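Chains A and B supply the protein sequences, listed in that same order. By the count of my numbering, the first sequence reaches residue 322 at its end, each step adding exactly one. By the count of my numbering, the second sequence reaches residue 1278 at its end, each step adding exactly one. Virtual Cβ for every residue (Gly too), placed ideally from N, Cα, C. Since we're looking at a predicted model, the values are computed, not measured.
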Amino acid sequence: MANPTLTSQTGGQPTKYKRTAWNGMRVREALIGMLFVAPLVIGFVVFQLIPMIQSVGISFTNWDLIGQAKWVGFENYIKALTKDRLVWIAFGNTVYLMVGIPIGMALSMGLAIAMNQKIRGISFFRTIYFLPVVSSVVAMSVLWRWIFNPEYGLINALLKTFGLDGPLWLGSPEWSKPALIIMGIWGGLGFNMLLYLAALQGVPSELKEAATIDGAGAWQRFRYITFPFLTPTTFFILITSIIGTFQVFAQIHLMTRAEGPTSIGGGPQWSTLTTVYYLWLNAFQYYKMGYAAAIGWILGIVMFALTLLQFWVGRRWVFYND
Amino acid sequence: MSITTSNRLTKWVSYGVLSLGGIFTLFPFLWMLSTSLKEDQYLLQFPPQWIPNPLNFQNYRDIWELIPLAQGFANSAFISITGTIGVLFASSLAGFAFAKLRFPFRDKLFVVLLATLMIPGAILLVPQFILYRDLDWIGTYNPLIIPSLFGAVYETFFFRQFFRGIPDDLIDSAKIDGASWFTIYLRIIVPLSRPVFATLAVLAFMWRWNDYMGPLIYLQDNNMQTVPVMISTFQSQYITQYGLLMAASVVSILPILVVYIFMQRYFVEGIAMTGLKG
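Okay, structure coming up:
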């Protein structure tokens, strides 16, 4: 008897093949197939599944890596959600940093529309827009720390030439997040532009031509024809950007620590603390493994819920041209 | 307004938008280069010197003395290249099996593996560290390389997509000639799939070369560190030496920029692919 899952997968196989199923060759093929996927499955089990299950256990303990882990039940979760204001500050900062997402999306959409015109020099511009995407976030953070230098940095020097006194940027609790937002928009522009460009190339030109003949203006053509084709990409960028914002780490570690080994970053006044940065602080600076694991699970559940919510909301306004 | 004037207007507006975006993107890089070529006394000037005068290459000489950069490049290259080769080999073999071989629960297994892409990395940070500590891997390159040798779901997904487009006839005729499945992989699948290998290779290499948190957590000895962590350590010691810091940053991104300039097509395709599922 042929295995039903096998026949359904092979779909168009001739009946003759089905009857000869599970002869020596088929058994051999199945064994080799399983052998080829075995490393991937073993790697998943060893490096992800088992650690994930373990981390549930760890999150119910107090453990400093050296001594004995002590079972504390839900204490870590209760502490994180009701007693530790830094958890909420980190969430608040993340929400604030999300302000940059729609700005960045609008700018990259504009760039993509300009790139989609039939003009020369496109590959030149593309090369430039991609530079921040391929450069390491470490080098870029070191660079932007210098750009945001209050006295001699690029931005305040430019502001000064117009007679304006620039803020302290990373040194000020009010301006540290706008600084990170500016850097984030700059860094994501090329990547998002490329995604939008790919989507724009899928808009049928007949539709736009027909609309032009019917007397639709440029804005109407964009609003009613082009934009619906861009909603799946907008939706994708939105989800990945939100998830990415929770996980900002390198920029915080490189741009917000003062001189000296004791500085832990996330400042000033915790204004740049992100959730993953706080997780890292707890795990690898304070050695509170149980607490860090609990924060990891809270963040993981929030990110998972956000993704589901976005999918649910997305169904209402995303247009898929299938 | 006639069609041609409107077209010309669109064209000039487009150039305007692209140029503004280009200046916004490029200016920080030019500032980095300019700073790295200035003597310290000219850094703290207003208005700033846009083009360094005199040109000063001393920073580029000094960083090699102050940072074990040559060692760092060797370390980064070793981790990135072994990891990339490992992940491409294991993932392409798995992708081949998922695309062309028939075995029980094949498609169900694939869907389960795909779903694991949704596991947030934040959950894994602590338990993975503990796993590597129990294995006595902390302070070695093992945590940064060995998991890659088992392949990755993400790469497997794209290999499977591509391999499904390869006609079954090619495989069937090789089977009639008595070729083993591994020979088919090596002699038919791989040669036909060079573009997807190149695309995934530049992506896999770039992720590993630019990784920061992994080496920061798992490596301890500064001489074993990768270039990004060395730059970070250097920054914490020379936090106000912007000339040196910019020179080090320029040097640290040069290798990937060279690869990018020469293999631009694959970078662009690869990065477009990461958004395909949208």
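From the options, residue whose alpha carbon lies closest to that of residue i
i, options, result
"B:I1081", "B:L1135, B:S1249, B:L1203, B:F1024", "B:L1203"
"B:D1134", "A:A112, A:E29, A:V46, A:G184", "A:V46"
"A:Y224", "A:L238, A:V203, A:R126", "A:V203"
"A:A292", "A:G187, A:Y152, A:I58", "A:I58"
"B:V1153", "B:L1113, B:I1138, B:I1171", "B:L1113"
"A:N156", "A:M140, A:V142, A:W175", "A:W175"
"A:L299", "B:N1075, B:P1120, B:V1087", "B:P1120"
"A:R120", "B:V1250, B:S1019, B:Y1260", "B:S1019"
"A:I32", "B:L1026, B:L1093, B:K1011", "B:L1093"
"A:I147", "A:F125, A:G163, A:G171, A:F162", "A:G171"
"A:A305", "A:I243, A:D165, A:N93, A:Q247", "A:I243"
"A:P332", "A:W71, A:W312, A:W297, A:R315", "Here chain A comprises residues numbered 1 to 322, so residue 332 of chain A is not present and cannot be evaluated."
"A:S271", "A:W88, A:E29, A:T61", "A:W88"
"A:T161", "B:K1038, B:A1272, B:P1047, B:Y1060", "B:P1047"
"B:L1149", "A:V41, A:S108, A:G265", "A:V41"
"B:P1104", "A:V37, A:V72, A:F249", "A:V37"
"A:A106", "A:T307, A:L197, A:W312", "A:L197"
"A:M34", "B:W1012, B:A1198, B:K1100", "B:K1100"
"A:L122", "A:G190, A:G290, A:G92, A:W219", "Looking at the sequence itself, residue 122 of chain A is Ile, so the reference to Leu does not match. That would be A:G190, whose Cα lies nearest to the Cα of A:I122."
"A:Y96", "A:L200, A:K288, A:V248, A:L281", "A:V248"
"A:W71", "A:S141, A:M289, A:Q285", "A:M289"
Buried/exposed call for residue i, threshold 16 Cβ in 10 Å
i, result
"A:R19", "Legend: pLDDT at A:R19 = 49, less than 50; position of this residue unreliable, value from coordinates given subsequently. So A:R19 counts as exposed."
"B:V1126", "buried"
"A:L111", "buried"
"B:L1245", "buried"
"A:M25", "exposed"
"A:Y129", "buried"
"B:T1211", "Just to set this straight, residue 1211 of chain B is Asp in the shown sequence, not Thr. The residue is buried, with at least 16 neighbouring Cβ atoms inside 10 Å."
"A:I185", "buried"
"B:P1195", "exposed"
"B:S1232", "buried"
"B:P1143", "buried"
"B:E1065", "exposed"
"A:G217", "exposed"
"B:M1118", "exposed"
"B:P1191", "exposed"
"B:L1030", "exposed"
"A:Q251", "buried"
"B:T1183", "exposed"
"A:I301", "exposed"
"A:R332", "A question about residue 332 of chain A goes unanswered here, because the residues of chain A that appear run from 1 up to 322."
"A:G12", "Note on A:G12: pLDDT 44, under 50, position unreliable in the model; the coordinate value appears next. The residue is exposed, with fewer than 16 neighbouring Cβ atoms inside 10 Å."
"A:E206", "exposed"
"B:T1025", "buried"
"B:W1181", "buried"
"B:T1004", "exposed"
"A:L329", "Outside the modelled stretch of chain A, which goes from 1 to 322, sits residue 329 of chain A, for which no answer is possible."
Per DSSP, cross-strand counterpart(s) of residue i
i, result
"A:K70", "A:N62"
Proximity test, residue i beta-carbon vs the ligand ATP heavy atom, cut-off 8 Å
i, result
"B:R1265", "The ligand content of the structure shown is nil, which means the ligand ATP is not present either."
Curious, which full-length alpha helix (DSSP H) runs of at least 4 residues does the segment 136-184 of chain A contain?
-> 137-147, 154-161
Go through the segment 1125-1151 of chain B residue by residue and report every complete run of the alpha helix (DSSP H) that reaches 4 residues or more, in order.
-> 1142-1149
Please list the residues of the segment 263-286 of chain A that have a C-beta atom closer than 8 Å to any C-beta atom in chain B, keeping them in chain order.
-> T275, V276, L279, W280, A283, F284
Starting from the N-terminal side, write out each stretch of the beta strand (DSSP E) that is 3 residues or longer and does not extend beyond the segment 1037-1064 of chain B.
-> none
May I have a chain-ordered list of the alpha helix (DSSP H) segments no shorter than 4 residues that lie completely inside the segment 275-301 of chain A?
-> 275-280
Taking only runs of the beta strand (DSSP E) that begin and end inside the segment 193-247 of chain A, which ones reach a length of at least 3 residues, in chain order?
-> none
Within the segment 85-115 of chain A, note down every full alpha helix (DSSP H) run reaching 4 residues or more, in order along the chain.
-> 85-97, 100-115
Residues from the segment 1024-1053 of chain B in contact with chain A, defined by Cβ distance under 9 Å = F1024, T1025, L1026, F1027, P1028, F1029, W1031, M1032, T1035, L1043, L1044, Q1045, F1046, P1047, P1048
Listed from N- to C-terminal order along the chain, which residues in the segment 135-149 of chain A have their beta-carbon within a distance smaller than 9 Å of any beta-carbon of chain B?
-> S135, S136, V137, V138, A139, M140, S141, V142, L143, W144, R145, W146, I147, N149
Check distances from the C-beta atoms of the segment 83-106 of chain A to those of chain B and list, in chain order, the residues that come in under 8 Å.
-> none
What are the residues of the segment 1152-1168 of chain B that lie near chain A, defined by any Cβ-Cβ distance shorter than 9 Å?
-> A1152, V1153, T1156
Going along the chain, which residues of the segment 1173-1198 of chain B sit with their C-beta nearer than 9 Å to a C-beta in chain A?
-> K1175, S1180, W1181, F1182, Y1185
Could you please tell me which residues of the segment 166-187 of chain A, in chain order, have their CB closer than 8 Å to any CB of chain B?
-> W186
Can you give, in chain order, each stretch of the alpha helix (DSSP H) that sits fully within the segment 1184-1235 of chain B and has at least 4 residues?
-> 1194-1210, 1213-1218
Between the segment 1093-1108 of chain B and chain A, which residues of the former have CB atoms less than 8 Å from a CB of the latter, in chain order?
-> L1093, A1094, F1096, A1097, F1098, L1101, R1102, F1103, P1104, F1105, R1106, D1107, K1108
Near-chain B residues of the segment 235-252 of chain A - C-beta to any C-beta below 9 Å = F235, F236, I237, I239, T240, I243, F246, Q247, F249, A250
Can you give me, in chain order, the residues of the segment 36-49 of chain A that have a beta carbon less than 7 Å from any beta carbon in chain B?
-> F36, V37, P39, L40, I42, G43, F44, F47, Q48
In chain order, what residues of the segment 115-134 of chain A put their CB closer than 9 Å to some CB of chain B?
-> M115, N116, Q117, K118, I119, G121, I122, S123, F124, F125, R126, T127, I128, Y129, F130, L131, P132, V133, V134
Along the chain, which unbroken stretches of the alpha helix (DSSP H) at least 4 residues long are found entirely within the segment 1064-1127 of chain B?
-> 1069-1100, 1106-1115
Scan the segment 23-34 of chain A for residues whose Cβ lies nearer than 8 Å to a Cβ of chain B and list them as they occur along the chain.
-> R26, E29, A30, L31, I32, G33, M34
Complete runs of the alpha helix (DSSP H) confined to the segment 1011-1035 of chain B [at least 4 residues] | none
When Cβ atoms are compared, which residues of the segment 1069-1083 of chain B fall closer than 8 Å to chain A?
-> none
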